[in-house]
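2 protein chains.
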Amino acid sequence: MNAEIVEKLRGHGIQPSAQRVAVAEYILATDEHPSAERVLARVKRRFPMVSRATVYNTLNLFVEKGLVQQLVLTGGRVVFDPWVEDHHHFIDEATGKIHDIPWDAIEVKRVDRLKGFDVRKFHVVLKGRRRG
Amino acid sequence: MNAEIVEKLRGHGIQPSAQRVAVAEYILATDEHPSAERVLARVKRRFPMVSRATVYNTLNLFVEKGLVQQLVLTGGRVVFDPWVEDHHHFIDEATGKIHDIPWDAIEVKRVDRLKGFDVRKFHVVLKGRRRG
DNA sequence: TATTACTTTAGACTTAGTCTAAAACTTAAT
DNA sequence: ATTAAGTTTTAGACTAAGTCTAAAGTAATA
């Protein structure tokens with residue numbers, strides 16, 4: 014059992030069961046922005062008996078405790094992202110792959126001046142192609 | 014049958030059946046960003062026998078022909094937007110309601126300078142509260 | 001009018017997300 | 001160490017939205 018992950022879960026107020034550690038080991042190390050179903054498929058490799066409810070419950074708990082972020086960017090898919098700090102997203106339309114874009118790579122102005130809206134959070138969603 | 018809508022459908026290369034006109038009358042006039050299920054519920058008021066497949070097929074055709082835009086912004090919901098020109102979106106976290114923000118209300122810079130990415134399209138997604 | 005092409009229907013199917021009650025496991029108390 | 005309390009997982013059922021299918025209905029063309 015990965016001691017570093019255990020500590021990290023505890024630090025976020027999460028009781029580290031074997032299944033939760035397995036989920037965290039995958040989700041915290043990936044830059045794939047996986048769906049819950051993909052997480053389930055991956056965790057099943059180590060825990061063939063793991064139940065769907067456990068994986069979904071675990072992911073939802075991780076989001077609730079701020080360990081990962083849940084995104085909805087394309088195709089109705091909910092995906093998970095270990096990068097919880099503000100950043101932007103680029104979606105490669107050829108592959109469907111989602112790429113993280115550092116916050117400062119793009120400059121956004123006048124967000125605070127929208128009439129009638131209190132903006133708590135924002136980010137830019139970009140679509141196009143990855144350059145080979 | 015609404016002649017204006019019929020012409021608009023034809024103009025987009027869409028054969029105007031009664032069901033398609035009913036869907037268009039609702040989707041082109043609303044600023045609600047409805048889900049397909051909501052469109053189905055609304056169209057059922059006029060066409061109680063309309064089938065789910067017809068509504069979904071119709072919405073997907075409208076997107077394909079550029080009559081409406083399909084968005085994925087929150088909660089895994091796919092929603093439809095008659096405003097096909099570039100604009101931004103504000104999601105009211107209290108109500109779930111999606112608001113259109115004019116393109117020029119926000120300034121976004123340096124998008125063209127992202128290393129390794131050809132950006133075809135982008136917009137800003139904002140979350141917060143609508144001010145009373 | 002007949003034929004061809006297109007659209008809709010009704011119901012079945014799929015998938016991802018949730019619910020449920022019981023079993024299993026962990027932690028706390030004695 | 002044992003018991004009790006609390007938490008987590010399981011297995012399977014359920015739900016809702018999106019898709020598929022084959023037949024029926026409608027529109028366009030010859």
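Taken in sequence, the protein lines are chains A and B.
Just remember that this note's numbering sits 13 ahead of the position in the first sequence, which is counted from 1.
Just remember that this note's numbering sits 13 ahead of the position in the second sequence, which is counted from 1.
For each residue, glycine too, the CB sits at the ideal point set by N, CA and C.
CA-CA distance, residue i and residue j?
{"i": "S48 of chain B", "j": "S48 of chain A", "result": "21 Å"}
{"i": "E120 of chain A", "j": "I18 of chain B", "result": "40 Å"}
{"i": "R11 of chain A", "j": "M62 of chain B", "result": "Residue 11 of chain A lies beyond the residue range present for chain A, which begins at 14 and ends at 145; the question has no answer from this structure."}
{"i": "E94 of chain A", "j": "K21 of chain B", "result": "The amino acid at residue 94 of chain A is misidentified as Glu; the sequence shows Asp. One C-alpha to the other measures close to 41 Å."}
{"i": "H25 of chain A", "j": "R23 of chain B", "result": "56 Å"}
{"i": "V52 of chain B", "j": "K140 of chain B", "result": "24 Å"}
{"i": "L127 of chain A", "j": "A118 of chain B", "result": "7 Å"}
{"i": "R58 of chain A", "j": "R90 of chain A", "result": "22 Å"}
{"i": "G129 of chain B", "j": "Q83 of chain A", "result": "25 Å"}
{"i": "L72 of chain A", "j": "V132 of chain A", "result": "27 Å"}
{"i": "S64 of chain B", "j": "I40 of chain B", "result": "17 Å"}
{"i": "N70 of chain A", "j": "Q32 of chain A", "result": "11 Å"}
{"i": "P29 of chain A", "j": "V92 of chain A", "result": "22 Å"}
{"i": "P115 of chain B", "j": "H101 of chain B", "result": "6 Å"}
{"i": "V34 of chain A", "j": "A66 of chain A", "result": "16 Å"}
{"i": "T87 of chain A", "j": "F60 of chain B", "result": "31 Å"}
{"i": "V138 of chain A", "j": "I111 of chain B", "result": "16 Å"}
{"i": "A42 of chain B", "j": "G109 of chain B", "result": "20 Å"}
{"i": "R123 of chain A", "j": "G79 of chain B", "result": "30 Å"}
{"i": "K134 of chain A", "j": "K134 of chain B", "result": "21 Å"}
Can residue i and residue j be called in contact, C-beta distance under 8 Å?
{"i": "H46 of chain B", "j": "D99 of chain B", "result": "no"}
{"i": "D44 of chain B", "j": "D113 of chain B", "result": "yes"}
{"i": "L74 of chain B", "j": "I104 of chain B", "result": "no"}
{"i": "E50 of chain A", "j": "N15 of chain A", "result": "no"}
Report the neighbours of residue i on chain A: residues whose CB is nearer than 8 Å to its CB, in chain order.
{"i": "K134 of chain B", "result": "L139, K140 and G141"}
Report, in whole angstroms, the separation of the C-beta atoms of residue i and residue j, which I expect to be a contact under 8 Å.
{"i": "V85 of chain B", "j": "V97 of chain B", "result": "The Cβ separation is near 15 Å, so there is no contact."}
{"i": "V36 of chain A", "j": "V68 of chain A", "result": "6 Å"}
{"i": "R144 of chain A", "j": "A107 of chain A", "result": "The pair is not a contact, with the Cβ atoms about 11 Å apart (cut-off 8 Å)."}
Cβ closer than 9 Å: which chain B residues qualify as neighbours of residue i?
{"i": "G89 of chain A", "result": "V85, G89, R90 and V91"}
Find the residues of chain B that neighbour residue i, judging by a C-beta separation of less than 8 Å, and give them in chain order.
{"i": "R144 of chain A", "result": "G129, F130 and D131"}
For the ligand NAD, any of its heavy atoms closer than 7 Å to the Cβ of residue i?
{"i": "G79 of chain B", "result": "Among the components of this structure there are no ligands whatsoever, and the ligand NAD is therefore not found."}
Give the residues from the region 102–114 of chain A that approach chain B closer than 9 Å (Cβ to any Cβ), ordered along the chain.
-> F103, D105, E106, H112 and I114
With 7 Å as the C-beta to C-beta threshold (strictly closer), list the residues of the region 115–134 of chain B near chain A in chain order.
-> A118, I119, E120, V121, K122, R123, V124, L127, G129, F130, D131, V132, R133 and K134
Below 8 Å between beta carbons is the criterion; list the residues of the region 57–78 of chain A that meet it against any residue of chain B, in chain order.
-> none
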